[in-house]
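Enquirer: Got a structure for you, written out below as C-alpha cells; questions coming shortly.
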Amino acid sequence: MTASDSSLPISAYIRTLNEARMIGDVVRAALQIADEVVVVDSGSTDATREIAVEAGGKVIEQAWLGNGGQKRAGEEACRNDWLLDLDADEIVTPALAAEIRSLFAGGEPPFKIYRTMLALAPPVGAPWRDFGLQTRHKLYDRRTVRAPDHKAWDQFDIPAGVAVGRLSEPILHHAFTGAEQFMAKLNRNSSVRAEALPLKSKPYLALRILFGMPFYVAKKYFLQQYFRGGIYGLALAVMSGYGRWLRDVKMWERAAKEK
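Going letter by letter, the sequence shown gives residues 25 to 283 in the numbering used here.
Encoded structure:
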C-alpha cells in the first residue's frame with residue numbers, strides 16, 4: 025500500500041519496539057492523510073519491521089535515544105515539515121482524517137500546532153470518546169517546534185506567542201491488551217521517569233508516598249471521569265494511581281542512594 029490520492033504534505037512518524045500487534049493498522053490508518061509514514065525501530069525481534077513495510081511504511085533502524093530523542097530521530101527522517109506524531113497503538117480514524125484534510129484544503133493550515141486528543145480504546149467495551157481524554161499536540165510544523173531531546177519526556181512546550189488550533193476528533197489509543205500489560209507499562213514508565221526527571225527531596229517524596237496515592241486515584245476517577253467507565257474505569261483509575269505513586273517510591277530510592 026502507498027499513500028492515497030488524498031494524502032497531504034504530512035509525514036507521520038512512529039517509534040517502535042516489538043509492536044507487531046498493531047503497527048500494520050496504525051500505518052494504514054496514517055496513510056489516509058500522510059504521504060509517508062516513517063517507522064523508527066529500536067531493535068524489534070518480532071515482525072514489526074516487516075509488517076510496517078508491507079502496510080506502506082518506511083522503516084529506519086535507530087538504537088534507543090530516549091523517549092524524546094527517538095522522536096527527534098523520527099522528525100529528522102521525515103521529508104515534510106508538517107508532522108503527525110503517533111505511537112504504535114494509535115489509530116487515525118476516518119473522521120479525524122477528514123478533519124485534518126479540511127485544514128489543508130486551502131493550503132497551509134491557519135495554526136502551526138494542533139491540539140489532538142487521545143481517546144482510550146480499552147480492551148473491553150467501547151472507546152472512551154467523551155471522557156478520560158488525554159491532551160496531546162500530535163500535528164505540528166517542525167519549523168515552529170521540535171520534540172524535546174530528553175530521555176524521559178517527549179512532549180514539547182508550546183513556544184511563547186504561538187497560537188494553538190484544536191482538532192475535535194480524537195485519535196483512538198489502544199493503549200494495552202489487559203491489566204497485565206497495563207501494569208507492566210506503568211512499571212516501566214515509572215522507572216524511566218524516576219531516573220530521568222529532576223530529583224525531589226526525600227522529605228517531599230516521603231509525604232507523597234504517605235498521602236499521594238488517594239489523590240492520584242481521585243484525579244483519574246473524578247477529574248478525568250473514569251467513573252463513567254464503570255467497574256473497569258474504577259480498576260484503571262486505581263492502577264493508574266498506583267503507577268504514579270510507584271514513581272515517587274522509585275525516586276525516593278534514588279534520593280536515598282545518592283545521599
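From the three backbone atoms N, C-alpha and C, an ideal C-beta is built for every residue, glycine too.
Measuring CB to CB, does residue 156 end up less than 8 Å from residue 56?
Expert: To locate residue 156, count along the sequence shown from 1; it is residue 132. To locate residue 56, count along the sequence shown from 1; it is residue 32. No.
Enquirer: Could you compute how far the alpha carbon of residue 244 sits from the alpha carbon of residue 159?
Expert: The residue you call residue 244 lines up with position 220 of the sequence shown. The residue you call residue 159 lines up with position 135 of the sequence shown. Cα to Cα, the separation comes out at about 14 Å.
Enquirer: For residue 141, does the three-state DSSP call read helix, strand or coil?
Expert: Counted from its first residue, the sequence shown places residue 141 at position 117. Strand.
Enquirer: Can you name the start and end residues of the alpha helix (DSSP H) that residue 158 belongs to?
Expert: Translated into the one-based positions of the sequence shown, residue 158 becomes position 134. No alpha helix (DSSP H) contains residue 158, which is instead part of the beta strand (DSSP E) from 158 to 165.
Enquirer: Report back the beta-carbon spacing between residue 218 and residue 241 to the nearest angstrom; my notes put them in contact at under 8 Å.
Expert: If you number the sequence shown from 1, residue 218 lands on position 194. If you number the sequence shown from 1, residue 241 lands on position 217. Actually they do not touch by this definition, with Cβ atoms about 19 Å apart.
Enquirer: Just the C-alpha distance for residue 39 and residue 88, rounded to the nearest angstrom, thanks.
Expert: For the purposes of this step, residue 39 is taken as the residue at position 15 of the sequence shown. For the purposes of this step, residue 88 is taken as the residue at position 64 of the sequence shown. Each residue's Cα considered, the two are about 10 Å apart.
Enquirer: If you draw a straight line from the alpha carbon of residue 65 to that of residue 167, how long is it in whole angstroms?
Expert: Working through the sequence shown from its first residue, we reach residue 65 at position 41. Working through the sequence shown from its first residue, we reach residue 167 at position 143. Rounded to the nearest angstrom, the two C-alpha atoms are 24 Å apart.
Enquirer: For residue 160 and chain B, any beta-carbon pair shorter than 8 Å?
Expert: Judged by its chain identifiers, the structure shown contains no chain B, having just a single protein chain.
Enquirer: What does a CB cutoff of less than 6 Å around residue 95 pick up in its chain, not counting 5 residues either side in sequence?
Expert: Mapped onto the sequence shown, residue 95 falls at position 71. Closer than 6 Å at the Cβ level, and outside the excluded window around residue 95, lie 171, 178.
Enquirer: Are the beta-carbon atoms belonging to residue 151 and residue 256 less than 8 Å from one another?
Expert: Along the sequence shown, one-based indexing puts residue 151 at 127. Along the sequence shown, one-based indexing puts residue 256 at 232. Going by C-beta atoms, residue 151 is not nearer than 8 Å to residue 256.
Enquirer: Hey, which unbroken runs of the beta strand (DSSP E) at 3 residues or more fall wholly within the segment 82 to 138?
Expert: 82 to 85, 106 to 110
Enquirer: In whole angstroms, what separates the C-alpha of residue 251 from that of residue 46?
Expert: Within the sequence shown, the letter at position 227 stands for residue 251. Within the sequence shown, the letter at position 22 stands for residue 46. The alpha-carbon atoms of residue 251 and residue 46 are separated by roughly 28 Å.
Enquirer: Going along the chain, which residues of its own chain have a beta-carbon closer than 8 Å to the beta-carbon of residue 253, five neighbours each way excluded?
Expert: Against the sequence shown, residue 253 aligns to sequence position 229. Cβ neighbours of residue 253 beyond the five flanking positions: 146, 149, 152, 155, 156, 260.
Enquirer: From the DSSP output, in three-state form, read off residue 59 for me.
Expert: By one-based count along the sequence shown, residue 59 stands at place 35. Residue 59 falls in the strand class under three-state DSSP.
Enquirer: To which residues does DSSP link residue 197 through a beta bridge?
Expert: Stepping through the sequence shown from its first residue, residue 197 is reached at position 173. Beta-bridge pairing links residue 197 to 114, 144.
Enquirer: Assuming the contact rule is C-beta atoms closer than 8 Å, residue 101 and residue 84 should be a hit. Round their C-beta distance to whole Å, please.
Expert: One-based indexing of the sequence shown puts residue 101 at position 77. One-based indexing of the sequence shown puts residue 84 at position 60. Residue 101 to residue 84, Cβ: 5 Å. Contact.
Enquirer: On a Cα-Cα basis, can you pick out the residue from 164, 193, 195 that is closest to residue 180?
Expert: Here residue 180 corresponds to residue number 156 of the sequence shown, with the count starting at 1. It is 164 whose Cα lies nearest to the Cα of residue 180.
Enquirer: Restricting to runs no shorter than 3 residues, where is the beta strand (DSSP E) found entirely within the segment 204 to 269?
Expert: none
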